[in-house]
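Q: Below is the structure I would like to discuss, written out as structure tokens.
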Amino acid sequence: MDSNPYASDPSDDEAVSDDLSADAPEVMMGQSMPEPHQLPTLQPAMQAMPVAVPEGPIRHSTLADGLSFSGTAAIAGSITVAGEVQGDLRVSEAVDGHVTVTETGTVVGDITARNISVLGQTVGLLDAGGGRVSLHSTASVSGRIRYTHLQVNGADLNAQLERVRTDGDQRH
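In terms of our numbering, the sequence shown has 148 at position 65, counting the first letter as 1, and numbering is strictly consecutive.
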């Protein structure tokens with residue numbers, strides 16, 4: 084027995100070649116090819132099953148570094164911005180979406196989402212309403228921020244802050 088664990092069993096090769104040779108006409112050197120209807124056709128071992136496309140929104144989008152977008156984007160999920168946006172990003176209220184502006188990302192416009200995380204630059208309104216805004220040490224934020232929970236970790240911040248109270252909020 085061969086010690087190579089990847090070597091195939093010769094009996095398997097013979098079985099395959101026997102199956103193909105039984106249906107295939109033999110062609111001698113110098114002869115023309117048989118008619119197409121005489122050639123064997125390969126059949127898949129099993130029929131491919133259709134893949135169900137999940138209903139609902141795409142869960143995550145990315146605007147990569149080096150790309151730019153101008154306009155208003157209505158997002159049904161989360162988005163990561165590593166490029167440049169000139170316009171508004173609005174995550175549907177029906178989903179618990181997250182907007183992340185990376186270190187290379189810039190947004191000049193309004194961002195509306197339940198969760199906003201900024202590591203890059205933003206100019207405009209950050210509206211998390213009853214959600215969370217996180218500003219990291221590499222962030223530069225100018226404009227206005229609406230939030231229920233705010234986390235600032237050494238960001239360059241020049242903004243008006245408006246805390247939005249929720250029904251379950253017990254702090255005064």
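Where is the CB? At the ideal position from N, CA and C, for every residue including glycine. All values derive from a computational prediction rather than experimental measurement.
List the residues that DSSP assigns as beta-bridge partners of Ala-157.
A: Numbered from its first residue, the sequence shown carries residue 157 at position 74. Looking at the DSSP assignment, Ala-157 forms a beta bridge with Arg-173.
Q: Distance, Cα to Cα, Ala-157 vs Gly-237?
A: Locating residue 157 in the sequence shown gives position 74, where the first residue counts as 1. Locating residue 237 in the sequence shown gives position 154, where the first residue counts as 1. Rounded to the nearest angstrom, the two C-alpha atoms are 30 Å apart.
Q: Shortest alpha-carbon distance to Asp-179 belongs to which of Asp-148, Gly-213, Thr-155 and Asp-171?
A: Counting from one through the sequence shown, the residue named residue 179 turns up at place 96. Out of Asp-148, Gly-213, Thr-155 and Asp-171, Gly-213 has the C-alpha closest to the C-alpha of Asp-179.
Q: Throw me the rounded Cβ distance for the Arg-215 and Asn-198 pair, which I believe falls under 8 Å.
A: The count along the sequence shown starts at 1 and reaches residue 215 at position 132. The count along the sequence shown starts at 1 and reaches residue 198 at position 115. That belief holds up - the Cβ atoms of Arg-215 and Asn-198 are roughly 5 Å apart, short of 8 Å.
Q: In the DSSP output, which residue or residues are listed as bridge partners for Ala-242?
A: One-based indexing of the sequence shown puts residue 242 at position 159. Note: Ala-242 sits in a beta bridge opposite Gly-226.
Q: Going by the CB atoms, is the gap between Ala-242 and Arg-229 shorter than 7 Å?
A: Translated into positions along the sequence shown, residue 229 becomes position 146. Translated into positions along the sequence shown, residue 242 becomes position 159. No, these two residues do not count as a Cβ contact at 7 Å.
Q: When you compare the CB positions of Thr-187 and Asp-250, do they come within less than 7 Å of one another, or not?
A: Walking along the sequence shown from the start, residue 187 turns up at place 104. Walking along the sequence shown from the start, residue 250 turns up at place 167. Cβ distance not < 7 Å, so Thr-187 and Asp-250 don't count as in contact.
Q: Do you know how far the Cα of Ile-162 is from the Cα of His-143?
A: In the sequence shown, residue 143 corresponds to position 60, counting from 1. In the sequence shown, residue 162 corresponds to position 79, counting from 1. In a straight line, the C-alpha of His-143 is about 6 Å away from that of Ile-162.
Q: Classify Asn-236 as helix, strand or coil using the three-state DSSP reduction.
A: Along the sequence shown, one-based indexing puts residue 236 at 153. Three-state result, Asn-236: coil.
Q: Should Leu-209 go down as buried or exposed, given a rule of 16 or more other Cβ atoms within 10 Å for buried?
A: Numbered from its first residue, the sequence shown carries residue 209 at position 126. Per the 10 Å Cβ criterion, buried.
Q: Who pairs with Val-178 in a beta bridge, going by DSSP?
A: Residue numbering aside, residue 178 sits at position 95 when the sequence shown is read from its first letter. According to DSSP, which records beta bridges pairwise, Val-178 is partnered with nothing at all.
Q: Any Cβ of chain D within less than 7 Å of the Cβ of Val-224?
A: Of the chains in the structure shown, none is chain D; there is only one protein chain.
Q: Using a 10 Å radius around the Cβ and a threshold of 16 neighbouring Cβ atoms, would you call Gln-234 buried or exposed?
A: Residue 234 sits at position 151 when you count from the first residue of the sequence shown. Burial call: exposed.
Q: Alpha carbon to alpha carbon, what distance is there between Ala-222 and Arg-248?
A: Working through the sequence shown from its first residue, we reach residue 248 at position 165. Working through the sequence shown from its first residue, we reach residue 222 at position 139. Computed Cα separation, rounded: 25 Å.
Q: List the DSSP bridge partners of Leu-202.
A: Within the sequence shown, residue 202 is the residue found at index 119, counting from 1. According to DSSP, which records beta bridges pairwise, Leu-202 is partnered with nothing at all.
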